[in-house]
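Residues 134 to 318 (our numbering) are what the sequence shown spells out, left to right.
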Amino acid sequence: MNQNDKRAKRTKKALHEALIKLLTKSDISHITVKELTETADVHRVTFYAHYQDIYELYDDLKNHALEEISAFVSADPSHDYEDNYVRLTDYVLENKWMFSLIFTDIPLQKQVIELLEENYLQLWLFEDNITEITPDMRYMTAYNIEGCAGIIKHWWSGDFSEPKENIVTYLSRANRIFDAVSLIK
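Below, the structure written as structure tokens:
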């Protein structure tokens with residue numbers, strides 16, 4: 134990697150972090166390039182060398198979040214749900230910025246849910262040696278993923294005041310309920 138690539142990555146990271154910080158205080162439509170570049174400590178010319186406007190940066194940040202989530206769900210696909218819930222809660226706490234972005238941007242939230250549902254369905258096919266996804270599998274997956282997302286969103290909206298261990302317990306209980314519901318045919 135040459136020096137210019139490193140510098141560009143550093144600049145984009147600074148702009149991402151500045152935008153994340155500003156999004157905690159203002160809606161995207163109220164953030165100016167001047168405010169962003171001052172927060173990131175970069176020149177406006179530098180900003181425009183990378184992005185046309187704030188919305189292009191915002192899209193880049195959302196794409197980065199999707200890539201991060203995709204990498205997380207693809208990594209270490211343990212079949213132990215309790216372990217996965219511990220991993221998930223750790224990940225949420227380490228990436229609060231991302232979940233703030235996801236939970237405040239409905240189209241992005243929809244994309245993340247679709248990504249998680251597709252990943253879950255593929256895991257289900259593999260675990261149960263099934264060759265075709267059925268409509269009831271799609272409904273059960275939606276129920277499970279939306280329920281887990283709801284628990285995480287509720288935790289986020291409470292500013293993570295609930296202990297992580299409790300969230301793992303709630304997710305595990307919800308999974309047991311899902312397992313019981315999916316057995317009813």
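Cβ atoms here follow ideal geometry from the backbone N, Cα and C, with glycine treated the same way.
Selected residue, minimal CA-CA separation from residue i, among the options
i	options	result
threonine 302	Thr267, Asp269, Ile239 and Glu215	Glu215
phenylalanine 262	Leu254, Tyr272 and Gly280	Here residue 262 turns out to be asparagine, not phenylalanine, going by the sequence shown. Answer by Cα proximity: Leu254.
aspartate 186	Ile300, Thr165 and Pro268	Thr165
threonine 237	Ile266, Cys281 and Ile161	Ile161
glutamate 250	Asp193, Gly280 and Lys139	Gly280
glutamate 201	Phe232, Lys154 and Asp138	Phe232
C-beta contact flag for residue i and residue j at 9 Å
i	j	result
phenylalanine 180	leucine 156	no
isoleucine 278	valine 225	no
leucine 190	leucine 241	no
leucine 169	leucine 248	no
valine 206	asparagine 252	yes
isoleucine 246	alanine 282	yes
aspartate 193	lysine 297	no
Rounded C-alpha distance that separates residue i from residue j
i	j	result
tryptophan 230	lysine 195	11 Å
threonine 172	leucine 256	42 Å
leucine 234	tryptophan 289	11 Å
arginine 309	glutamate 150	38 Å
serine 203	lysine 243	14 Å
alanine 321	asparagine 228	The structure shown does not extend to residue 321, since the chain is modelled only from 134 to 318, so the question has no answer here.
leucine 304	proline 268	24 Å
lysine 158	histidine 197	21 Å
histidine 287	glutamate 265	33 Å
Cut-off 7 Å between Cβ atoms - residues of its own chain near residue i, not counting five sequence neighbours on either side
i	result
threonine 144	Val175, Thr179 and His183
glutamate 295	Trp288
alanine 307	Gly280, Cys281 and Ile284
Nonlocal neighbours in the same chain, by C-beta distance under 8 Å from residue i, ignoring five residues either side
i	result
aspartate 292	none
arginine 177	Val166, Lys167 and Thr170
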